[in-house]
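Visitor: The numbering of the sequence shown is this note's numbering, which starts it at 1 and goes up by one.
All residues carry an ideal CB built from backbone N, CA and C; glycine is no exception.
Have a look at the structure that comes next, please.
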Amino acid sequence: MAVRGYILIETEVGKAKSVSAAIQGFNYPGARLVNVDTVTGPFDVIAQVEADDLDSLGNAITEAIQKVNGVQRTTTCLAVRLA
1 MAVRGYILIE
11 TEVGKAKSVS
21 AAIQGFNYPG
31 ARLVNVDTVT
41 GPFDVIAQVE
51 ADDLDSLGNA
61 ITEAIQKVNG
71 VQRTTTCLAV
81 RLA
(Lines of atoms letter the chains of each structure in order from A and count residues from 1; the text may use other names and numbers.)
(Lines give C-alpha, C1' and ligand atoms only; values in the text may rest on other atoms or scores of the structure.)
Protein backbone atom coordinates (compact mmCIF):
# COMPACT_ATOMS: atom_id res chain seq x y z
CA MET A 1 0.00 0.00 0.00
CA ALA A 2 1.35 3.42 -0.95
CA VAL A 3 1.91 6.09 1.67
CA ARG A 4 1.01 9.74 1.19
CA GLY A 5 2.69 12.70 2.79
CA TYR A 6 2.02 16.41 2.81
CA ILE A 7 5.34 18.21 2.91
CA LEU A 8 4.99 21.69 4.39
CA ILE A 9 7.91 23.77 3.16
CA GLU A 10 9.37 26.98 4.54
CA THR A 11 11.51 28.84 2.02
CA GLU A 12 14.00 31.66 2.09
CA VAL A 13 12.37 35.08 1.64
CA GLY A 14 11.41 35.61 -2.00
CA LYS A 15 12.07 31.98 -3.01
CA ALA A 16 8.56 30.45 -2.81
CA LYS A 17 7.92 30.71 -6.56
CA SER A 18 11.26 29.18 -7.58
CA VAL A 19 10.98 26.40 -4.96
CA SER A 20 7.47 25.56 -6.17
CA ALA A 21 8.67 25.48 -9.79
CA ALA A 22 11.64 23.26 -8.91
CA ILE A 23 9.41 20.82 -7.05
CA GLN A 24 7.12 20.62 -10.10
CA GLY A 25 10.02 18.77 -11.71
CA PHE A 26 10.30 16.37 -8.74
CA ASN A 27 11.64 12.96 -9.69
CA TYR A 28 12.72 10.31 -7.21
CA PRO A 29 12.63 6.50 -7.49
CA GLY A 30 9.66 5.00 -5.66
CA ALA A 31 7.94 8.37 -5.09
CA ARG A 32 5.54 10.50 -7.13
CA LEU A 33 4.52 14.12 -6.87
CA VAL A 34 0.72 14.36 -6.64
CA ASN A 35 0.40 18.12 -6.28
CA VAL A 36 2.33 21.23 -5.29
CA ASP A 37 0.85 24.57 -4.23
CA THR A 38 2.32 27.90 -3.22
CA VAL A 39 0.34 29.02 -0.16
CA THR A 40 0.05 31.80 2.40
CA GLY A 41 0.55 31.39 6.13
CA PRO A 42 3.41 29.91 8.15
CA PHE A 43 4.48 27.70 5.21
CA ASP A 44 5.26 28.84 1.68
CA VAL A 45 4.82 25.67 -0.38
CA ILE A 46 2.92 22.44 0.25
CA ALA A 47 3.75 19.34 -1.77
CA GLN A 48 1.69 16.17 -1.76
CA VAL A 49 3.83 13.09 -2.45
CA GLU A 50 2.95 9.40 -2.68
CA ALA A 51 5.58 6.71 -2.26
CA ASP A 52 5.80 2.94 -2.35
CA ASP A 53 6.66 2.84 1.36
CA LEU A 54 7.64 5.06 4.27
CA ASP A 55 11.36 4.70 3.63
CA SER A 56 10.95 5.80 0.01
CA LEU A 57 8.95 8.82 1.14
CA GLY A 58 11.56 9.77 3.72
CA ASN A 59 14.39 9.41 1.24
CA ALA A 60 12.54 11.45 -1.38
CA ILE A 61 12.10 14.26 1.14
CA THR A 62 15.68 14.29 2.41
CA GLU A 63 17.41 13.54 -0.89
CA ALA A 64 15.26 15.58 -3.29
CA ILE A 65 12.92 18.14 -1.72
CA GLN A 66 15.21 19.35 1.05
CA LYS A 67 18.03 19.84 -1.47
CA VAL A 68 16.04 22.29 -3.61
CA ASN A 69 17.69 25.71 -3.59
CA GLY A 70 15.74 28.02 -1.25
CA VAL A 71 14.20 25.35 1.01
CA GLN A 72 14.92 26.20 4.65
CA ARG A 73 12.82 23.66 6.55
CA THR A 74 10.24 20.94 5.95
CA THR A 75 7.52 19.43 8.11
CA THR A 76 5.87 16.24 6.92
CA CYS A 77 2.32 15.19 7.74
CA LEU A 78 1.44 11.59 6.88
CA ALA A 79 -2.04 10.74 5.64
CA VAL A 80 -3.74 7.97 7.66
CA ARG A 81 -6.87 5.91 7.13
CA LEU A 82 -9.04 5.98 10.24
CA ALA A 83 -11.48 3.11 10.65
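(1) Along the chain, where does the beta strand (DSSP E) containing Ala51 start, and where does it finish?
(2) Identify, in the order they occur along the chain, each residue of the same chain with its Cβ nearer than 6 Å to the Cβ of Tyr28, setting aside the five sequence neighbours on each side.
(3) Is it right to say Thr11 is buried, meaning 16 or more other beta carbons lie within 10 angstroms of its own, or is it exposed?
(4) What residue from Val19, Met1, Gln24, Tyr6 has the CA that sits closest to Val68's CA?
(5) Considering only the alpha carbon of each residue, which of Val3, Met1, Ala2, Ile7 lies closest to Gln48?
Guide: The short version:
(1) On the sequence shown, residue 51 is found 51 positions in, with the first residue counted as 1. Its beta strand (DSSP E) spans residues 45-51.
(2) As a working note, residue 28 is residue 28 in the sequence shown. These residues qualify, in order along the chain: Ala60, Ala64.
(3) Within the sequence shown, numbered from 1, the residue matching residue 11 stands at position 11. Classification for Thr11: buried.
(4) Locating residue 68 in the sequence shown gives position 68, where the first residue counts as 1. It is Val19.
(5) The residue you call residue 48 lines up with position 48 of the sequence shown. Comparing Cα-Cα distances from Gln48 to each of Val3, Met1, Ala2, Ile7, the minimum goes to Ile7.
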